[in-house]
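Numbering (this note's numbering), first residue to last: 9 to 320.
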C-alpha cells in the first residue's frame, strides 16, 4: 500500500470528513494548492476542536483517524484499473439513503457512470440529474434546500450532490453538497482533475467519484436512517422507501414525532435528536424500488411531519 501522509484535519459542521494527501499521491488536487479534500467545508479556525470531539469527547479523534485510514485504503484501491479492483463494500446493513445528482451540461458523462458504478458499495442510491431537476421544478425551488421538506418526503432525498464543470477547462470541477435533513449547503469546492495526453483518464474520474461517495456516506452516517409518509390512500400509508433501499415485508418502523436539529456553539447544524415514539407501523407490501405500503400496528398512525425509523 502506498504511504499517505495526513496532516491535521478539522471536521465540518455536517460531520463531513476532509482527507489530505501528499501531492504525489493525490488522485486530484485543488487548484493552486496541493492539499486534497473530498468536498465540503474547511474549518477556518484551525485551533478550534473538531466537531467529533465536541459531540463525542476525546474518542471522536480516534473515530476520525480510523476513517482517514479507511479513506487511504480506498484511495489506493481507486488507483487500480476498475476491471481488476477487488472492492470492499462499506454498506453498514441499514437501508440505503437516496442522493440526488445535479450535473451541469459540461460535466463528463463518464463521471456520472463512475458514480453509478461505485455507488453500490456505499449506503446510498443515486437519483439521476433529470429526475432530481424534475422534482425541484415541481416544487418551484431554485436551490435544493429551498424545498428540502418536499424533497425529503418525495422522492425521499437525503442529500443532493451538485457538480459543475468549467466550460472552458474540463479539468476544473466544482462540487457542493446540499444536506436536506440539516437544511444547509456546503461551501463550493473547486477541484482540479488530472489529465493526460488523451484527456482525462477514466481512472481519475473513478477516484473523484469514490471520494465524493465516501464524503456523502460520512454525511449520511451522521444521522439515523429515516423514511417518511408521502401519501395516504384509504387505510394505506405510502412511504418513500422500498425494496431497492433494503426494506422488506414485515419490517417494522417506529413513528417518531417532534424530532429536532442539534446545533453547535456557532448555531450551525450538527446533528439530529429524535423525538418521542408515538407508534409503530409494519411494511405490508413493497410497492416499488422506493415505495412501500405500511399500516399502523401500535399507537398512533404517522402524520406528515413524522419520521419513521427502522426497528430491527
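Every residue, glycine too, gets a C-beta built ideally from N, C-alpha and C.
Which residue wins for smallest C-alpha separation from residue 224, given the options 320, 319 and 166? 166
When the Cα atoms are used, what is the spatial distance from residue 298 to residue 104? 10 Å
Please identify the residue among 249, 208 and 217 whose C-alpha is closest to the C-alpha of residue 183. 217
If you follow the beta strand (DSSP E) that residue 262 is part of, which residue opens it and which one closes it? 260 to 265
Helix, strand or coil at residue 161 [DSSP, three-state]: helix
Nearest to residue 187 by CA position, among 196, 227 and 204, is which residue? 227
Residue 47 versus residue 242 - alpha carbon distance: Only weak support exists for where residue 47 lies, its pLDDT of 34 falling under 50; the value from the coordinates is given anyway. Going from the Cα of residue 47 to the Cα of residue 242 covers about 44 Å.
Using three-state DSSP, classify residue 175 as helix, strand or coil. coil
Own chain partners of residue 311 with C-beta closer than 6 Å, once the 5 adjacent residues on each side are dropped: none
Can you give me the Cβ contacts of residue 307 inside the same chain, cut-off strictly under 8 Å, excluding the 5 residues immediately before and after it? 263, 285, 286, 287 and 288
Below 8 Å between beta carbons: does that hold for residue 265 and residue 250? no
What would DSSP say about residue 309, mapped onto helix, strand or coil? coil
Report back the beta-carbon spacing between residue 160 and residue 268 to the nearest angstrom; my notes put them in contact at under 8 Å. Wrong, their Cβ atoms sit about 15 Å apart, outside the cutoff.
Let me know the secondary structure DSSP gives residue 183 once reduced to three states. strand
Alpha-carbon to alpha-carbon, residue 222 and residue 133: 13 Å
Under the rule that 16 or more other beta-carbon atoms within 10 Å means buried, what is residue 248, buried or exposed? buried
With distances taken from CA atoms, which of 295, 212 and 272 is nearest residue 203? 212
Which partner residues does residue 294 have in the DSSP bridge list? 300
Does DSSP classify residue 121 as helix, strand or coil? helix
Would you mind giving the Cβ-Cβ distance between residue 246 and residue 294, rounded to the nearest angstrom? I have them listed as a contact below 8 Å. Their Cβ separation, rounded to whole angstroms, is 11 Å, which puts residue 246 and residue 294 out of contact at 8 Å.
Measuring straight from C-alpha to C-alpha, what distance separates residue 171 and residue 205? 24 Å
What residues in its chain sit with their C-beta under 8 Å from that of residue 240, if we drop five residues either side in the sequence? 246
For residue 157, tell me which candidate among 215, 140 and 189 has the shortest Cα-Cα distance. 189
Do the CB positions of residue 214 and residue 138 come within less than 8 Å of each other? no
Could you have a look at residue 141 and say whether DSSP puts it in helix, strand or coil? helix
Using CA coordinates, which residue listed in 113, 153, 296 and 107 is at the minimum distance from residue 164? 107
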